[in-house]
Amino acid sequence: MADEEEIAVYDEVEIEDMTFDETLQIFHYPCPCGDRFEIALADLQDESTDIAVCPSCSLMIRVIFDQDNLPQPPPDDPLRNLPSSRSQSPSPREIPYLVS
1 MADEEEIAVY
11 DEVEIEDMTF
21 DETLQIFHYP
31 CPCGDRFEIA
41 LADLQDESTD
51 IAVCPSCSLM
61 IRVIFDQDNL
71 PQPPPDDPLR
81 NLPSSRSQSP
91 SPREIPYLVS
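Using the UniProt record's numbering, the first residue of the sequence shown is number 1, and each one after it goes up by one.
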């Protein structure tokens, strides 16, 4: 995180103000565009990023958190060893749309 070049963020948000989805293992926070900023627990745990992005617009927020206070994934979680969301989630531009 400290090695990242400076990124323009919309806001800095304490992780306690975010909602955690235990099923998806993702933190959410409302975005002004009406969608939600998202960041995967795995991304925070492996310190690959502290930037949550909105899938609908270009806004980003920096998540303020203490590594020791992050939730632990369930021990029998089959998703535990998968790569973080950054490497497997397609961007909105990569998702094909049906045209009728």
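Idealized CB from N, CA, C, for every residue including glycine.
Glu16 sits in a helix when the DSSP states are folded into three classes.
Proximity to Val53 across Val63, Glu47, Gln45 peaks at Val63, based on C-alpha coordinates. At the C-beta level, Ile51 and Glu12 stay beyond 8 Å of one another.
Leu24 counts as exposed, since fewer than 16 other beta carbons sit within 10 angstroms of its beta carbon. Around the Cβ of Cys33, a 10 Å sphere holds fewer than 16 other Cβ atoms; the residue is exposed. Burial is judged here by how many other beta carbons sit within 10 angstroms of a residue's own beta carbon; Ala8 has fewer than 16 and is exposed. With respect to Ile26, Leu44 sits apart: the two C-beta atoms are not nearer than 8 Å.
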